[in-house]
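This report concerns only the one structure given below.
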Amino acid sequence: MPEADVVLDTTVESHFIPRPFRVLRTKRETHDVFTLELKPEDGSPLSFRPGQFNMMYVHGIGEVPISISGNPAKPETLVHTVRAVGGVTFAMRSIHRGDILGIRGPYGSVWPIEAAVGSDLVVVAGGIGLAPLRPVIYEALARRQQFGKLILLYGTREPEDIIFEKDLEGWRARFDFHVFVTVDRAIGSWKGHVGVVTGLLPKASFDPANTLAMICGPEVMMRFTAMEFLKLGVDPAQIYFSMERNMKCGIGLCGHCQFGPYFVCREGPVFPYPRLKQLMTVREI
Amino acid sequence: MIKIDLQVLGTLVSLLRKDGFRVLGPTVRDHAIVYDEIRSYEDLPIGWTDEQTNASYKLVQTEGKSLFAYAVGPHSWKQFLFPPESPLVRSRRTNGSMELSGAQQAPHVPLAFFGVRPCELHAIAIHDRVFLEGPFADPWYKSVREKLFIVAAQCTHPGGTCFCASMKTGPRATQGFDLALTELPKGLFLVEAGSQRGSEMLTKIPWHPAEPEDVNEAERLFSAAAASMGRVLEPDGLQQLLYANLSHPRWDAIGHRCLSCANCTMVCPTCFCSTVTDGTDLSNTEAQRTRLWDSCFTADFSYIHGGSVRPSIRSRYRQWMTHKLASWVDQFGTFGCVGCGRCITWCPVGIDITEEARLIREQTPEAQPTSQ
Amino acid sequence: METLKPILSQHPFFKDLQPEYLELVTGCASNVRFDADSYMFHEGEEAGHFYLLRTGNVALEIATPDRGPMVIQTLGEGELIGWSWLVPPYTWHFDARVTELVRAIALDATCLRKKCEADHHLGYELLKRLTVMMEQRLAATRLQLLDVYGTNA
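Protein chains in written order, with my numbering: chain A, 1 to 285; chain B, 1001 to 1372; chain C, 2001 to 2153.
Shown next, in the form of structure tokens:
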């Protein structure tokens, strides 16, 4: 079973001290989601692999784990897409160009793009889950010929909650990338699909015997999406989730992110489905 | 094996202090054995013994002059290697820039632990795995640990809640110390060196070779100790048993009793969970991040936007116990429990981890037969 | 109509239906077409037919006073609209607006109900297929109900 690799940057002496990054640009994606583009103050680019996250520090307020949402081929600019859901992220939403954030990372396991080479690659994103998947989409497009079909299924709440509209427009325009977008509900003027993202699966034509699926979104959505893939005959070992848990350190020492025996910051956030299957049937684990 | 008396033991303490170590050892304070600075052997709990059982701890003064006639108390050595509160990072905002620096200070004075029990040696080794051998090491822990001098006290007085024999962490240790003492009657101590530093220390004190009857006496004491453990925990198949019983009704029963007070995690010598808090000065120019002990029993330990993953006490107790006795093995290669019994003694409602493990085993359809 | 039988037999809904039942069903079938932006039916109207979509797209809407019509589901090629024809009082519970020109097979509800009453085997075959579809719709609706992308903040 292809493992989700853990990639470590062991050149940094201490992983307890954040590095200052300056905000170059802020972009409002939706009413509660925004994207920050950052540059390291010391000029040293933060190289990362798709699926990884940073611990982002706001002076005096706190630190949160946020997936990197930018292009791994352009590490000079660090991109994070954040949803304002708590103290730290609300504070981040008021950040301006020129402000400084502290960054520790990159941490965590990565989307298994190498294992997808030669197969159809189906990416399923729910809500803000498109953000941790965008880097792997960028990379897959840059190496397009290495994969069979490339498919994105993206579901979110309502049309106003759609993020990365410009990217989506560009992706849809390609003939070699099948993009399906759906919302849970919409006002009448919405011309697109309405329904759960799992409903899009039968429409996307891929070869279940030769497909790798990368799924990111609310846990419920990921569970049900996996079930649909399994129903279609995809091998469970070819299905990957990105999990989320409370993190205080991001480096396997604070204990908060444990999910069964796994530290989500270390063995995750990307996990192969067989590892999670049993755990997902246990309440409150 | 060599033998020393009380006077020489006192000399040992002085030598350590002269060498610049801050010597920490068991003392009596607030009706309990707690670890604090000791200046001479007289600071040790001479003649004290303890009575421990579920939710109960009592110190009793005896006529005797023994130094180690009690089991472990509410303190563990983790507070010195992994302090309850330690500054982590400082952030200074000036003129549109941010300076970030480490706030951890290596302690000026090296530490010596005096009187570490075998179970506690295992606990320190377990913390070494956690803090030093993972992909990211804790630099502060490393700097304190490197200079640490350990004088172990082999255990001849197991307590009412002890089960080190079950966990194979005692009552005798063979490694992990610089020196190890075995207290014999009549104020005599067998001493063995466990490291280069320990051997060197022995060259500075007067000693006699141990007689065969001294060694036999020690063996008798260890056998007696192993046979008089307060509790028993069967480790065979325990990890699989717990993994297979995550929905066992026993968790519900515990959930009704547990107060989620986190005492167990505070007294446990291997618990290592922490959190980080943020503070600033009034002008918000200087901010500091501080690491604090945390406990998986707190309600928001597992909080992600919208709520906690483990809102019920039942699930949090299960998390603690299965981490200690099941997932720890997958994470670090050993059990997280060293059989010290502190969690049993200091639980206000007397929940006993060994009893819970036994009940889950017995109440499982294919009950595993316990060996001996 | 004779010519509709092969089209019906190829539709996913009627897959593996025995020939004699397909014959019965065909007797209630007709070809229909709806232009874009027209309504196939409105909430409250009698559910006189149910539709097997061959091509096109339909948005199922529920009218709200404050936000206007809310789309709760879109359906396309190969999918089926409606089971209200089987459940008294046989009226539609939402509007169906055509978003892309629809060609469909309309099955006359009265005709089909009569035949199902007369031959319960036919009724059972249809119900078997309908319940599978209803289960899928219910599961999807429940997920939509959970509002998984919403925040509890």
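C-beta atoms are modelled at their ideal positions from N, C-alpha and C, and glycine is treated no differently.
In chain order, what residues of the same chain have a beta carbon less than 8 Å from the beta carbon of C/H2011, not counting five sequence neighbours either side? One-based indexing of the third sequence puts residue 2011 of chain C at position 11. The answer, listed in chain order, is L2052, R2054, G2078 and I2105.
Is C/L2138 buried or exposed, if buried means 16 or more other CB atoms sit within 10 Å of its CB? On the third sequence, residue 2138 of chain C is found 138 positions in, with the first residue counted as 1. With fewer than 16 Cβ atoms within 10 Å of its Cβ, C/L2138 is classed as exposed.
Below-8 Å beta-carbon distance, B/F1332 vs any chain A residue: Here residue 1332 of chain B refers to the residue found at position 332 when the second sequence is read from its first residue. No, B/F1332 lies away from the interface with chain A (no Cβ there is under 8 Å from its Cβ).
Show which residues of chain C have a CB atom less than 8 Å away from the CB atom of A/K191. As a first step, residue 191 of chain A must be located in the first sequence, where it is residue number 191. What A/K191 touches in chain C: T2099.
Give the single residue among A/V117, A/P65 and A/R172 whose Cα lies nearest to the Cα of A/C257. Your numbering for residue 257 of chain A matches position 257 in the first sequence. When each option's Cα is compared against that of A/C257, the closest is A/P65.
Assuming B/G1350 contacts B/F1163 under a Cβ cut-off of 8 Å, what Cβ separation, rounded to an integer in Å, is found between them? Translated into positions along the second sequence, residue 1350 of chain B becomes position 350. Translated into positions along the second sequence, residue 1163 of chain B becomes position 163. Contact flag wrong, Cβ pair sits at about 15 Å.
Going by DSSP, which residues form a beta bridge with A/G292? With chain A covering 1 to 285 only, the question about residue 292 of chain A has no answer from this structure.
Here's a check: name, in chain order, each residue in its chain whose Cβ is nearer than 7 Å to the Cβ of B/A1055, leaving out the five neighbours to either side. Here residue 1055 of chain B is taken as the residue at index 55 of the second sequence, counted from 1. Closer than 7 Å at the Cβ level, and outside the excluded window around B/A1055, lie C1347, P1348, V1349 and G1350.
Residues bridged to A/C216 [DSSP beta-bridge criterion]: In the first sequence, counting from the first residue as 1, residue 216 of chain A sits at position 216. Paired residue(s): A/A125.
With 8 Å as the threshold, decide whether the Cβ of A/N54 is near any Cβ in chain B. Numbered from 1 along the first sequence, position 54 holds the residue referred to as residue 54 of chain A. Closer than 8 Å: no.
Is the stretch 1135-1146 of chain B in contact with the stretch 1016-1035 of chain B, if contact means three or more CB pairs nearer than 8 Å? no
For A/Q258, which three-state DSSP category applies? In the first sequence, residue 258 of chain A corresponds to position 258, counting from 1. Strand.
Quick check: the Cα distance between B/T1011 and A/K248, rounded to an integer number of angstroms? Locating residue 1011 of chain B in the second sequence gives position 11, where the first residue counts as 1. Locating residue 248 of chain A in the first sequence gives position 248, where the first residue counts as 1. Those two C-alpha atoms are separated by around 45 Å.
Look up B/Q1288 in the DSSP assignment and say whether it is helix, strand or coil. Reading the second sequence from its first residue, position 288 is the one you call residue 1288 of chain B. B/Q1288: strand per DSSP, three-state reduction.
Please state if the CB of C/F2094 and the CB of C/E2061 are separated by a distance shorter than 8 Å. Here the question's residue 2061 of chain C lines up with position 61 in the third sequence. Here the question's residue 2094 of chain C lines up with position 94 in the third sequence. Taking 8 Å as the Cβ cut-off, C/E2061 and C/F2094 qualify as a contacting pair.
By a C-beta neighbour count over all protein chains shown, 10 Å radius and 16 as the cutoff for buried, is B/L1282 buried or exposed? Residue 1282 of chain B sits at position 282 when you count from the first residue of the second sequence. Classification for B/L1282: exposed.
I need the straight-line Cα distance from C/M2001 to C/E2023, nearest angstrom please. The residue you call residue 2001 of chain C lines up with position 1 of the third sequence. The residue you call residue 2023 of chain C lines up with position 23 of the third sequence. Confidence in C/M2001 is poor, its pLDDT being 47 and thus under 50, which makes the residue's placement too unreliable to answer from.
Under 7 Å, CB to CB, which of the residues in the stretch 2002-2023 of chain C have a partner in chain A? none
Report the three-state DSSP secondary structure of A/W171 (helix, strand or coil). Looking up residue 171 of chain A in the first sequence gives position 171. Reduced to three states, the DSSP call for A/W171 is helix.
Buried or exposed, going by whether 16 or more other CB atoms sit within 10 Å of the CB of A/P20? For the purposes of this step, residue 20 of chain A is taken as the residue at position 20 of the first sequence. Buried, since its Cβ has 16 or more Cβ neighbours within 10 Å.
Run through the stretch 1144-1181 of chain B for me and flag every whole beta strand (DSSP E) of 3 or more residues, listed as ranges in chain order. 1149-1153
Can you tell me whether B/H1208 is helix, strand or coil according to DSSP? Locating residue 1208 of chain B in the second sequence gives position 208, counting from the first residue. B/H1208: strand per DSSP, three-state reduction.
Please classify B/K1324 as buried or exposed, where buried requires at least 16 other C-beta atoms within 10 Å of its C-beta. Walking along the second sequence from the start, residue 1324 of chain B turns up at place 324. Buried: at least 16 other Cβ atoms inside 10 Å.
Looking only at its own chain, which residues have a Cβ that is under 7 Å from the Cβ of B/P1235, when we skip the five neighbours before and after it? As a working mapping, residue 1235 of chain B is identified with position 235 in the second sequence. If we look at B/P1235 and ignore the five residues flanking it on each side, its Cβ neighbours are S1166, M1167 and F1335.
Only counting the same chain, and skipping five residues up and downstream in sequence, which positions put a Cβ closer than 6 Å to that of B/A1123? Numbered from its first residue, the second sequence carries residue 1123 of chain B at position 123. The residues are P1269, T1270 and V1338.
Would DSSP call B/K1324 helix, strand or coil? Your numbering for residue 1324 of chain B matches position 324 in the second sequence. The answer is helix: DSSP assigns B/K1324 an H, G or I state.
DSSP three-state call for B/L1233: helix, strand or coil? Locating residue 1233 of chain B in the second sequence gives position 233, where the first residue counts as 1. Looking at B/L1233 - three-state DSSP - the assignment turns out to be coil, as it is neither helix nor strand.
Just to check my reading of the structure: A/R147 and A/V117 have Cβ atoms closer than 8 Å, yes? What is that Cβ distance to the nearest angstrom? One-based indexing of the first sequence puts residue 147 of chain A at position 147. One-based indexing of the first sequence puts residue 117 of chain A at position 117. Going by the sequence as given, residue 147 of chain A is Phe instead of Arg. Sure, about 7 Å apart at Cβ, within 8 Å.
Residues of its chain near A/G260, where Cβ-Cβ distance is below 7 Å and the 5 sequence neighbours each way are ignored: Residue numbering aside, residue 260 of chain A sits at position 260 when the first sequence is read from its first letter. Once the five neighbours on either side are set aside, the close Cβ partners of A/G260 are L279 and I285.
Classification of A/L121 by the beta-carbon crowding that lies within 10 angstroms, buried from 16 upward: The residue given as residue 121 of chain A occupies position 121 in the first sequence. Flag for A/L121 reads buried.
Check whether the stretch 228-246 of chain A and the stretch 1274-1289 of chain B are in contact - that is, three or more C-beta pairs closer than 8 Å. no
Assuming contact is defined by CB atoms lying nearer than 8 Å, are B/R1250 and B/E1356 in contact in what I supplied? As a working note, residue 1250 of chain B is residue 250 in the second sequence. As a working note, residue 1356 of chain B is residue 356 in the second sequence. Result yes, Cβ atoms of B/R1250 and B/E1356 sit closer than 8 Å.
Using a Cβ distance threshold of 8 Å, determine whether the stretch 90-101 of chain A contacts the stretch 52-59 of chain A, with at least three qualifying pairs required. yes
Going by other Cβ atoms of all chains shown within 10 Å of its Cβ, with 16 needed for buried, is B/V1060 buried or exposed? Your numbering for residue 1060 of chain B matches position 60 in the second sequence. Flag for B/V1060 reads exposed.
Would you mind working out which of B/Q1240, B/G1170, B/R1017 and B/E1200 sits nearest B/S1040, comparing C-alpha positions? Residue 1040 of chain B sits at position 40 when you count from the first residue of the second sequence. Taking only the C-alpha atoms, the option nearest B/S1040 is B/R1017.
Report the option in B/T1027, B/T1053 and B/E1037 whose CA atom is closest to the CA atom of B/G1047. Stepping through the second sequence from its first residue, residue 1047 of chain B is reached at position 47. That would be B/T1027, whose Cα lies nearest to the Cα of B/G1047.
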